[in-house]
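Chemist: Below are the structure tokens for one structure; questions will follow.
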Amino acid sequence: MKTEAPIPAYRADHPAFDGHFPGNPIVPGVLLLDAAVHAACGDTPLRIDSAKFLGVVRPDEPLTLQLTQRGERQDFALAQGERAVAAGTFAPLPAAPSST
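Counting in full-length UniProt numbering, the sequence shown runs from 1 upward without gaps.
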């Protein structure tokens, strides 16, 4: 099953751009992953099995997230229009061992 969701653009005044990089702002990869995780599953804990950054995202550039369910895993792809900027796979965290 495939789903799509818009990811709002990061505004040029976002504090991450103060150091990433002055005069040449680029959205940090961790912000892209965070947006994808929250759009995919909210606050449900998961692990990122793989992630690849394929293109640069600048401030004020909206993105689209595409999710494809594969069993318990979800493949994700972030794109700006037709241009892919990130892709990877999420999976649920394994259950914590019982402490009894």
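Even glycine gets a Cβ: it sits at the ideal position worked out from N, Cα and C.
Should Ile-7 be labelled buried (16 or more other beta-carbon atoms within 10 Å of its own) or exposed?
Modeler: As a position in the sequence shown, residue 7 is number 7, starting the count at 1. Ile-7 should be labelled buried.
Chemist: Would you list the residues sitting across from Thr-44 in a DSSP beta bridge?
Modeler: Here residue 44 refers to the residue found at position 44 of the sequence shown. DSSP output for Thr-44 lists no bridge partner at all.
Chemist: With a threshold of 8 angstroms between beta carbons, is Pro-6 in contact with chain D?
Modeler: The displayed structure is made up of one protein chain only, and chain D is not part of it.
Chemist: What did DSSP end up calling Gly-88 once you bin it into helix, strand or coil?
Modeler: Taking the first residue of the sequence shown as 1, we reach residue 88 at position 88. In this structure, Gly-88 counts as strand in the three-state DSSP scheme.
Chemist: Whole angstroms are fine: how far does the CA of Gln-80 sit from the CA of Thr-89?
Modeler: Residue numbering aside, residue 89 sits at position 89 when the sequence shown is read from its first letter. Residue numbering aside, residue 80 sits at position 80 when the sequence shown is read from its first letter. Spanning the two alpha carbons is a distance of roughly 19 angstroms.
Chemist: If you draw a straight line from the C-alpha of Arg-11 to the C-alpha of Gly-29, how long is it?
Modeler: Taking the first residue of the sequence shown as 1, we reach residue 11 at position 11. Taking the first residue of the sequence shown as 1, we reach residue 29 at position 29. One C-alpha to the other measures close to 15 angstroms.
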